[in-house]
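Read the structure below first, then the notes.
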Amino acid sequence: MGVYTKTGDQGTTSLVGGTRVRKTDPRIEAYGTVDELMAQVAYLRDMMEREGIDLEGYRADLLDVLRSLMTAAALLAAEEGVTKKLPGLTADAVTFLETRIDTLSSELAPIDKFTLPGGHPLVSLAHICRTVCRRTERKILLASDVFPVNENVIKYINRLSDYFYILGRKLSDEFSVKEILWLPEK
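As numbered in our numbering, residues 2 to 187 make up the sequence shown, in order.
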């Protein structure tokens, strides 16, 4: 099978189900941004393998995230009638993130300020994932204004950005990096 088909040369692509739409369709924007998020998550996960401490638990979490994101992308790429034939993104995926957020949060000192990204490359990568996730959420919500979107996809992406925020904080803790709190100037 060839890599290129030339069918998109006129600015269209096919949804799962066969309908051709413009590449600027909100569904294409939504699942394309999920795809970008997946690449960032994979990069974060790969970079964890290079560190001198055991980060396997986080790597396992991120592999689960990648699988859920691929499911979300498939659901966003499918025509309305075809989504029933695809694997669903269940409420369990959302619950998994909530459980991980609660567990990681319980291991961190409470703060009452925003944190600034940085301090270690993995912390920064977690925040890049968080910001791409927020953009992904906006793209999905725009698509949902026009087309039906699985409610668990929206919930999952919303929780996922919170997970990346807590992961960034937890990685700061793992690497003994002092978190930089945002203290607005008066």
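Glycine included, each C-beta is placed from N, C-alpha and C at the ideal position.
On the DSSP letters alone, give me the boundaries of the alpha helix (DSSP H) that A79 sits inside.
Taken as a continuous stretch (DSSP letters only), A79 belongs to no alpha helix (DSSP H), as it is neither H nor E.
According to DSSP, residues forming a beta bridge with T116:
For T116, which the question treats as bridged, DSSP gives the partners L182.
L77 and A127 - do their beta-carbons sit closer together than 8 angstroms?
no
How big is the Cα-Cα spacing for Y32 and A75?
8 angstroms
CA-CA distance, I129 and A43?
12 angstroms
L123 and I181 look like a contact to me (Cβ under 8 angstroms); what is the Cβ gap, rounded to whole Å?
No, L123 and I181 are not in contact; Cβ-Cβ is about 15 angstroms, not under 8 angstroms.
What are the boundary residues of the alpha helix (DSSP H) that includes I155?
152-175
Note down the Cα distance separating S145 from E37, rounded to an integer number of angstroms.
19 angstroms
Using CA atoms only, rank isn't needed, just tell me which of L142, K179, P149, Y164 is closest to E80.
P149
Going residue by residue through the region 90-139, where are the continuous alpha helix (DSSP H) segments of at least 4 residues, counting only ones entirely within it?
92-107
First and last residue of the uninterrupted alpha helix (DSSP H) at V35
It spans 27-49 - the alpha helix (DSSP H) in which V35 sits, taken as one unbroken run.
Kindly give me the distance between the Cβ atoms of S69 and Y157, rounded to whole angstroms, as I take these residues to be in contact under 8 angstroms.
6 angstroms
Quick one: Cα of Y59 to Cα of K114, how far?
25 angstroms
Does DSSP put G58 in a helix, a strand or coil?
helix
Taking its Cβ as the centre, do 16 or more other Cβ atoms sit within 10 Å of E138, making it buried, or is it exposed?
Around the C-beta of E138, 16 or more other C-beta atoms lie within 10 Å, and the residue is accordingly described as buried.
Quick one: grab the DSSP three-state call for V66.
Under the three-state reduction of DSSP, V66 is assigned to helix.
What does the alpha-carbon distance come out to for the pair A94 and G12?
Between A94 and G12, the C-alpha separation is close to 34 angstroms.
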